Every structure is written in structure tokens, then in C-alpha cells.
Amino acid sequence: MERHSLNGSWQCRPADGGQQFPATVPGDVYSDLLAAGTIQDPYEADNELDVQWVAERDWCYRRTVEVDETLLSEARQTLVCHGLDTVATVRVNDTTVGRTDNMHRRYEFPVGDALEPGPNEVEIRFQSPVEYSSQRAADHPYDVPVMRYPQDVPDRNHIRKAACHYGWDWGPCLPTMGIWRDVELVGHSGPRITYTKSRQDHHDDGVDLTVDVGLDVPAETEATLTANVAGTTESVAVGLDGGREEHTLELTVADPDLWWPNGYGDQPLYDLTVTVESDHDTDRTTDRVGFREIELCREEDDAGESFAFAVNGVPVFAKGANWIPMEALHGRVDETEYTDLLDSAASANMNMIRVWGGGHYERDAFYERCDELGLLVWQDFMFACSLYPADEAFRETVAAEARYQVRRLANHPSLALWCGNNENEEGLHNWWADEDHIDSLEADYEAIFLETLDEIVAEEDPSRPYWSASPSSGREYDDPYMTERGDIHYWDVWHSGASFDAYEETEPRFVSEFGYQSFPSPELLASVLPADELNPTAPLMEHHQRSPGGNGRILSRMTDNFRTPFSFETFTYLSQIQQSMAMQTAIEHWRRQRPHTMGALYWQLNDLWPCASWSSIEYGGDWKASQYVARRIFAPLLVSTTVTDDGVEVWLTSDRPEAVTGTLTVEIWTLDGERIHAASHDTTVSALDSTTPLTVDVDAVAPDVDPSNCLVRADFDGPVESYPSVAFREPYKRLDLRVPDIEVRVDGRRVTLETDVPALWVTLDAPLSEPFSDNYFHLVPGESRTITVESDADRSEIADALAALDVTHLRETY
Numbered sequence: 001m002e003r004h005s006l007n008g009s010w011q012c013r014p015a016d017g018g019q020q021f022p023a024t025v026p027g028d029v030y031s032d033l034l035a036a037g038t039i040q041d042p043y044e045a046d047n048e049l050d051v052q053w054v055a056e057r058d059w060c061y062r063r064t065v066e067v068d069e070t071l072l073s074e075a076r077q078t079l080v081c082h083g084l085d086t087v088a089t090v091r092v093n094d095t096t097v098g099r100t101d102n103m104h105r106r107y108e109f110p111v112g113d114a115l116e117p118g119p120n121e122v123e124i125r126f127q128s129p130v131e132y133s134s135q136r137a138a139d140h141p142y143d144v145p146v147m148r149y150p151q152d153v154p155d156r157n158h159i160r161k162a163a164c165h166y167g168w169d170w171g172p173c174l175p176t177m178g179i180w181r182d183v184e185l186v187g188h189s190g191p192r193i194t195y196t197k198s199r200q201d202h203h204d205d206g207v208d209l210t211v212d213v214g215l216d217v218p219a220e221t222e223a224t225l226t227a228n229v230a231g232t233t234e235s236v237a238v239g240l241d242g243g244r245e246e247h248t249l250e251l252t253v254a255d256p257d258l259w260w261p262n263g264y265g266d267q268p269l270y271d272l273t274v275t276v277e278s279d280h281d282t283d284r285t286t287d288r289v290g291f292r293e294i295e296l297c298r299e300e301d302d303a304g305e306s307f308a309f310a311v312n313g314v315p316v317f318a319k320g321a322n323w324i325p326m327e328a329l330h331g332r333v334d335e336t337e338y339t340d341l342l343d344s345a346a347s348a349n350m351n352m353i354r355v356w357g358g359g360h361y362e363r364d365a366f367y368e369r370c371d372e373l374g375l376l377v378w379q380d381f382m383f384a385c386s387l388y389p390a391d392e393a394f395r396e397t398v399a400a401e402a403r404y405q406v407r408r409l410a411n412h413p414s415l416a417l418w419c420g421n422n423e424n425e426e427g428l429h430n431w432w433a434d435e436d437h438i439d440s441l442e443a444d445y446e447a448i449f450l451e452t453l454d455e456i457v458a459e460e461d462p463s464r465p466y467w468s469a470s471p472s473s474g475r476e477y478d479d480p481y482m483t484e485r486g487d488i489h490y491w492d493v494w495h496s497g498a499s500f501d502a503y504e505e506t507e508p509r510f511v512s513e514f515g516y517q518s519f520p521s522p523e524l525l526a527s528v529l530p531a532d533e534l535n536p537t538a539p540l541m542e543h544h545q546r547s548p549g550g551n552g553r554i555l556s557r558m559t560d561n562f563r564t565p566f567s568f569e570t571f572t573y574l575s576q577i578q579q580s581m582a583m584q585t586a587i588e589h590w591r592r593q594r595p596h597t598m599g600a601l602y603w604q605l606n607d608l609w610p611c612a613s614w615s616s617i618e619y620g621g622d623w624k625a626s627q628y629v630a631r632r633i634f635a636p637l638l639v640s641t642t643v644t645d646d647g648v649e650v651w652l653t654s655d656r657p658e659a660v661t662g663t664l665t666v667e668i669w670t671l672d673g674e675r676i677h678a679a680s681h682d683t684t685v686s687a688l689d690s691t692t693p694l695t696v697d698v699d700a701v702a703p704d705v706d707p708s709n710c711l712v713r714a715d716f717d718g719p720v721e722s723y724p725s726v727a728f729r730e731p732y733k734r735l736d737l738r739v740p741d742i743e744v745r746v747d748g749r750r751v752t753l754e755t756d757v758p759a760l761w762v763t764l765d766a767p768l769s770e771p772f773s774d775n776y777f778h779l780v781p782g783e784s785r786t787i788t789v790e791s792d793a794d795r796s797e798i799a800d801a802l803a804a805l806d807v808t809h810l811r812e813t814y
């Protein structure tokens, strides 16, 4: 078997003529034009507006491929395109060998008749996605509605392309084109493996593993198919008729180590090697699998119906975030970013990532890292915030896309759920229910999401659940937003301006989206904006804010919580604290409600360009305040407090499958540094439970202390990771804060801090590429807090970075 990668250097030019320039594959035309000096960086200032012409033109990618007699002597030659974005005509030596209309599919084109010995010209011509989708919409017999965003273009629902390429409320409008995944030329005379997928049946004696193997067979032949995993091998002789075939192997693996989500156990992975051997060729592929059972538990109860994931029989509270593409431009993707971002998620005690339906199915490296880290994946199919046409051609390409992606990803133990779409069901029943052609739109919806996708998942991956939409109450209900069943997206706080306390008035079963915005660091913004635009209402700053009115909303809420900042640095700092407050209020409340509520996936983990957004990790990988807070509020044992009319309730919420016993200590401090109350209690929290062991009546314990001059601190000392919780009875702007004298000692990778009076939102900043072990925390007198640098850098680099360490706190903002 001959395989030749065609990645690397290509040439690109406008399809209607013009100068040719170097191109890189995988990549995209914007990245290639930028490298050639033809356009300015679209991430900077408002350059995005000046490059909209790129997506309105057609582009040609060309390269010469040297083909030898060995390749031509094989029975079949195939050009395998793992990702073309999006509408393309593929030609070899001026012969059209295929066409594409879907960036989410792998395409394979027979090219044997077009190839010649020696140099061969491969050309891929990309049609403007803007022109294509507009023409498709114009030709459709009725309007198909789509949610619009600033600077986006219409009709993105008529093309199978990442919806966010057309603009979103956190990203630019850059409808890319190009060869965005690998491309290779394959020659073979024997059967070639095109996919493997496995499903598991667990029982007392081990795991029955069923392995389906897809083959591309040039001609009728006999072959031996073999699968090996965990020391178990099974072989079968098969007669192959030629063409595309699927064959099945069945193995029983005795007592394998089980794979668990992050925080529940280890993630052992086993190599599953499949080989097909014939007289002509041997082909082999290896995937890593993990042995686990997963179930979406939907059971009727007194409140409605549960919605919870169970892994290996253990109910898992899903803690995590939504994932968007890492970059707006394919050419800027560095696969090491997957490791950095997903490591950050796992480090913050997350156990689930939702791949949101407005982007694209991620590269293999993403799912492989989730497997290694124990991050369950809620996988949307790529449909978002629109309705979609279900004509024959569109439905056919959707089916091919879904079948390919399900087969590609089915071996990953991290994959937990297939979800049909993001917010389309909500749009159908609520946003667009009065459309003239609602009956046709409903039929289209059912054809794609209740028939095509459901049937393909059932056929290709029957061991995993399919959920038709997010949010949804289940296909049995016309109302997609029933808090007593299914999943919800809770946006009243951000979009409707409700107070943070509104989170505590909800009792959902599972929250798969909610969020609050903040600004990234001034340093990141200064890399794309001039100094005179570093102001929340400056025109270019507002260009990097895509949620209408978002900057004003952040400013307005800030006046509710804080004293007005008078520097941009202070503003960005407070915006991140404010975001953290919102997320902490929501997540702690929903965790306290377990098992009624069993999931909180906030919007969003990452950004794809420098901007103000809902992310907890800013573009480039630096942690915002809310990422540090996520680590604490997603800890295996959550200590939380809530202020009530009766005092301050202290809660313990445990994700551990065994009872946890420790010492709960509650203190009351005045803000001038006097501890006026301290009490410790031996406390046990049951397995997978949430309980409130005590309520502190502050007025009774400290009757003479003004609420603006005290805090309540609860801490749990036990065998499970947890963090202190601090409660205030007044907004931060009303607190009578003193200026703390914070002593900072640096010893290698360790930074130790002590204070004379309570210091709030203490923040360490240093030129490091990795996060601190903790940050943005409250510090009380008598406490010695040691923070470590989580970096692989050598000692001298760490020393240089910590020499520039800056420590700030809330009192410094006014």
C-alpha cells in the first residue's frame, strides 16, 4: 500500500486570474493572503471589515505531485481529502475527479484514470461560500430563518460550513476557504481500512467488544481480519466482493481496568489494533479505547424527569464548559493548543466539555486528549441557531457528514452524547413559530433531527445516547424549555439583565449553557488595539465586542457591585471578578441542588480571537479570574455559603462516591483584622450528596458589628480537595475595606502570602506561560497561603518571572 501526503506547500491564486502566491496545507486563504502580505491581520483593530472581499471571490489551490510507477501499479488510486472548506471542484491533470459541498466530511475520489507517470497537477477550486449560500437560499421555495449577528452575512444555514465563520456574538465574520485538513494520495491493491468503530457490553466476566471495520476493496478477494486489544486477539477469514464493505469482529476482554471521568478514577487506555491481510496488501490501524459504561438517565420523579449521566453505574454531576473553535482561521491552529486548553479544563476540576454546534467537529487530537484527561464530551452535530432546509441534496450531505463523524469518533471513551443541534428546537417553537411556512419548517426539522441524525446514531453507535437538541425537554414535548426535565440554556442574567441572585431562583435538571462576560487582559487587547482605544466604549474596543450592548452591560452591572474604577487596567480586573461572581453564584447553587440538578456547563471555555466575551480562558491561553474560580467551585468537595434571613448557611457538596469526614471551621472577621468568632465541627457528608450542616446567626454571634465591616469564612479540612468559602452581607462597594499590608515571600516555584487585614480578590500577575495553582482569592490574617507556579520552565526562568511579580487586591481599585 502506498500513501503520499500532499500536505505542505501549494500555490494559490484568484480563480478569475491574478498573481499566484504561496499557500500552506492544511490552512485557509486568509492565512495565506496574510503570509503573502496581501491583507492585514483581520484580528487587529477593525481590519476584519477590510477583508470581506476575500470570501466573495473564488480561489484556486494548485500543486504538482510526482507519481511513480509503483503507485500506478496498484489496483486503485484514491485522493483522500480529510477536509475541504467548503464548496470545491477537484481536478487532476485538467480532469474533474470530484466536487464537494460540506466542510464536515471526508471525501475520497478515484483518480487512477487521471494520473500519469511523473509530474501531475492537482487543482482544487473553491467557490465563494457567500455566493453559494446566497444562491441556495434564493433557489429555495421558502425562507428558512436564521439568527443574525453583527457583521455577519445571511444564509449560513444553506451551506454545510461552520456557522460561526459567518460571524457570531463573540467572533469575527471571516468565511474561510481552503484545504483545512490533511490531503493524501493512496494506492492499494488489497483491502484498505476506512474506519473502525467499537461498542461495549459489560458483564460480570468482562467486556464484550464488538468492532466494526469499514473496508475499501478494489476487487474480489479473500482476506483475514484481526483485532487485538488488552491481550485478546480475534481473527476471522472473510470473502470480499469488492467495493465498500463492513465486517464485524467480536472479542471478550476479561476484567479490564475501567475508564473514569476526571475526579472519579483513572483513565486507562488500551490499543485496539485492527489488521486486514490479503495476498495483495496488509493494512493496519490502531486506536485507543477505554472500557466504560455510559448512560443518560432520564427517570420520572416527583419534580418531573431526571437528566443525568452515569458512568460505570455512578451518577456524575457534569462540571465543565462549552467549547468553540480555537481559531477563526484554520491556518493559525497549533495542535499544542488542544493540550493547553484541555489540560486547563481538567486542572480546573472539569469532567465534561460540550463541543458546540456552531463550529466544527474537532480534530483527532482534541478527542485523544479528552480520553487521556477524563473529560466527557457532549458532542453537538454542527447545527446552530437556525432552521435548515431538508431538500434531498442537503439531507444527503448531512447524512454523509453524520455517518462519517459518528464512525470517526465512536472509539473514544470520552464521547458521552450525540446532540442534534444548538437552540434550533427553541427557535422552531419560540422564535420563528409565526413564520408563513411553519408547517414546512417543522417538517424540515423533523426530517433532519428526529429522523436522519437519530437513525444514523442508532445504526452506527447504538451504545451512546442521542439527544435531539439543546435545550430540549425531549421530543415528546413542544416546549423545549421546561426546567423540570431535559436541559436548559439559562441566559436571563446576561441577556435580560436579571440580577445574579436570579440564578438561585432556578431549579433546572441540567444547564448546558449560561454565562456572563468579562474583558481579557489589557496586554492581550493592546496586542490588537492602539493605546487610545483601550477604553470600554472606544469604537475599536466595541468592534471586539460582538454581543450588542455588551460593554455597557458590563459597566452598568459593575456600578451595582463595585466602586467606579478610574483606569482601564482596574476596569478589566473588576470585569473578571464580576464574571467570577456570576459563575460562582450559579454553579454553587446548582451543585447544592444535586441530585435534582446534575450538570452545569458554562459558556464558554475559550476564545478564537482577542475580544470581550464569556470565556474563562482568554485568546492565547491565559486564565481569567473565572477559570481560577472554576477550579475552586468545581472541586470534588464544594464548601459554599449563602446569605439568608436567618444568617449565613454553610453547605458541603460532595462528588465523591464514598462518605467524607473532616473538620468544618467557621470564622467571622472584621475588615480591620479582628477575628470575633471561630468554631470547628466534626462533619460528615454522605457519598454523592449535598447538605447544609449549619447556619451561622451572625447577628447573634456578633451583634455589634456592622454588616459592611465583616465577613464569614468557612473551611473544610478533610481528605478531599476543597477550598474556603467567604460570605459578605453587603455588596463589595459598601464594604469598609482597609488597605492590607500583604507580605510576599518567593522561594523557587512557591509564593507565600500573608496579610494583616482581610485582603479580597488577591491576584498574582507575572510573565508566565502557565497558571498559578490558585489566584483571585480572599486572604485573612493568620493565614499563610502558598501558591505554586505550574510550569515546566527551568528554575532560572521561573525566578526571572517571579522577580517581576505584581500582587494586587480589591482595595487598590479605588
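Counted from 1, the sequence shown has number 785 at position 785 by UniProt numbering; the numbering is strictly sequential.
Built from N, CA and C at the ideal position, the CB exists for glycine as well.
Nothing here was measured: the structure is a model prediction, and the numbers come from that model.
For E588 and S654, believed in contact at Cβ under 8 Å, the rounded distance = At roughly 14 Å, the Cβ-Cβ gap does not stay under 8 Å, so S654 and E588 are not in contact.
Inter-residue CB distance, R475 and L450 (contact presumed, cutoff 8 Å) | 6 Å
At what residues does the alpha helix (DSSP H) containing W590 begin and finish?
-> F568 to R592
Can you list, in chain order, the stretches of the alpha helix (DSSP H) that have 4 or more residues and sit fully within the UniProt domain "Beta-mannosidase Ig-fold" (738-812)?
-> 795-803
Would you mind stating whether L574 and M598 have Cβ atoms separated by less than 9 Å?
-> Taking C-beta atoms as the reference points, L574 and M598 fail to come closer than 9 Å.
Return the first residue and the last residue of the beta strand (DSSP E) that N120 is part of.
-> Bounds of the beta strand (DSSP E) holding N120 are G118 to F126.
Given 8 Å as the limit, is there contact between the segment 198-212 and the segment 92-108, that is, 3 or more CB pairs closer than that?
-> no
Consult DSSP for A219 and reduce its assignment to one of helix, strand or coil.
-> coil
Can you tell me where the alpha helix (DSSP H) with H495 in it begins and where it stops?
-> D492 to H495
Ranges of the alpha helix (DSSP H) found wholly within the segment 15-85, counting only runs of at least 4 = 29-35 and 69-72
Could you give the residue range of the beta strand (DSSP E) that holds Q200?
-> R192 to H203
Taking D68 as the reference, which of P707, W614 and G112 has the closest Cα?
-> G112
Grab the span of the beta strand (DSSP E) containing L453 for me, first residue to last.
-> Premise fails: L453 lies in the alpha helix (DSSP H), L453 to E460, not in any beta strand (DSSP E).
Using beta-carbon positions only, say whether R63 and D216 come within less than 9 Å of one another.
-> no
Using the Cα positions of E245 and G214, report the straight-line distance between them to the nearest angstrom.
-> Looking at the backbone, the Cα of E245 and that of G214 are separated by about 6 Å.
Using three-state DSSP, classify L664 as helix, strand or coil.
-> strand
Could you check what DSSP says for V726 in three-state terms: helix, strand or coil?
-> When secondary structure is reduced to three states using DSSP, V726 falls in the strand class.
Output yes or no for whether 9 Å exceeds the beta carbon distance between Q579 and F562.
-> no
Do you know how far the Cα of N422 is from the Cα of A498?
-> 23 Å
What are the complete alpha helix (DSSP H) segments, minimum 4 residues, inside the segment 347-394?
-> 364-373
From C710, E505 and V744, pick the residue whose C-alpha is nearest to that of D731; which is it?
-> According to the sequence shown, residue 731 is Pro rather than Asp. Nearest C-alpha to P731: C710.
Quick one: residues in its chain with C-beta nearer than 7 Å to the C-beta of Y107, no 5 flanking neighbours on either side, listed in chain order?
-> C81, L84, G98 and T100
What are the boundary residues of the beta strand (DSSP E) that includes T559?
-> That residue, T559, is in no beta strand (DSSP E); its alpha helix (DSSP H) goes G550 to N561.
Straight-line Cα distance separating T572 from T812 | Per the sequence shown, the amino acid found at residue 812 is Glu instead of Thr. Those two C-alpha atoms are separated by around 13 Å.
Specify whether the segment 164-175 and the segment 184-204 touch according to this definition: at least 3 beta carbon pairs, one from each stretch, less than 8 Å apart.
-> no
What are the start and end residues of the beta strand (DSSP E) that includes Y132?
-> No beta strand (DSSP E) contains Y132, which is instead part of the alpha helix (DSSP H) from P129 to D139.
Taking C-alpha atoms, which residue in E569, A804, N606 and I554 lies nearest to M581?
-> Answer by Cα proximity: I554.
Looking only at its own chain, which residues have a Cβ that is under 8 Å from the Cβ of E56, when we skip the five neighbours before and after it?
-> S128, V130 and E131, listed in sequence order.
When DSSP labels each residue in this structure, what does P172 get in the three-state scheme?
-> strand
Unbroken alpha helix (DSSP H) run spanning Y628, endpoints | Y628 -> alpha helix (DSSP H) spans A625 to I633.
From H543 to Q40, what does the alpha carbon distance come to, in whole angstroms?
-> 16 Å
Have a look at N7, E222, D208 and A237 and flag the residue whose alpha-carbon is nearest the alpha-carbon of V229.
-> When each option's Cα is compared against that of V229, the closest is D208.
Nearest-angstrom Cα distance between T89 and V289?
-> 37 Å
Check each candidate in D706, V744, R713 and R745 and name the one with the smallest Cα separation from R734.
-> Ranking D706, V744, R713 and R745 by Cα distance to R734 puts D706 first.
Count the other C-beta atoms from every protein chain shown that fall within 10 angstroms of the C-beta of L525, then say buried if there are 16 or more, exposed otherwise.
-> Classification for L525: buried.
Apply the 10 Å Cβ neighbour rule to I438 and answer buried if 16 or more other Cβ atoms are within range, or exposed otherwise.
-> exposed
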